[in-house]
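Encoded as structure tokens, the structure appears first; notes follow it.
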Amino acid sequence: AALRRFMVEKPFAGRCPVAFGDDLTDLSMLEAAAELNGKAVVIWRAIDLARAARLGNPDELRLWRAGITYTHSKERT
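See the structure below:
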């Protein structure tokens, strides 16, 4: 519900949501991200969501995020 509200407001409107979750309290956010043509990423195995990508643990998320940050910083130089 919160993600849906964010995605209609500036600066989020028209963008692709990416949501990360690691337990059942995150399920509605992950489903919303997938339904809004975004990306849902489950950390570990706590959630069974067919439309979600999976990362094995929080360390994998940190490595992925570091890679994205590095790539974007290289594009700016």
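Residues in the sequence shown are numbered consecutively from 52, following this note's numbering.
Beta carbons are placed, not taken as given, at the ideal position from N, Cα and C, and that holds for glycine.
Own chain partners of residue i with C-beta closer than 7 Å, once the 5 adjacent residues on each side are dropped
{"i": "residue 107", "result": "95"}
{"i": "residue 112", "result": "71, 94, 106"}
{"i": "residue 102", "result": "85, 91"}
Beta-carbon proximity of residue i to residue j, cut-off 8 Å
{"i": "residue 84", "j": "residue 90", "result": "yes"}
Rounded separation between residue i and residue j - CA only
{"i": "residue 80", "j": "residue 126", "result": "30 Å"}
{"i": "residue 69", "j": "residue 121", "result": "18 Å"}
{"i": "residue 77", "j": "residue 52", "result": "11 Å"}
{"i": "residue 124", "j": "residue 55", "result": "29 Å"}
DSSP state of residue i mapped onto helix, strand, coil
{"i": "residue 106", "result": "strand"}
{"i": "residue 94", "result": "strand"}
{"i": "residue 118", "result": "helix"}
Cut-off 8 Å between Cβ atoms - residues of its own chain near residue i, not counting five sequence neighbours on either side
{"i": "residue 73", "result": "93, 94, 95, 97, 98, 109"}
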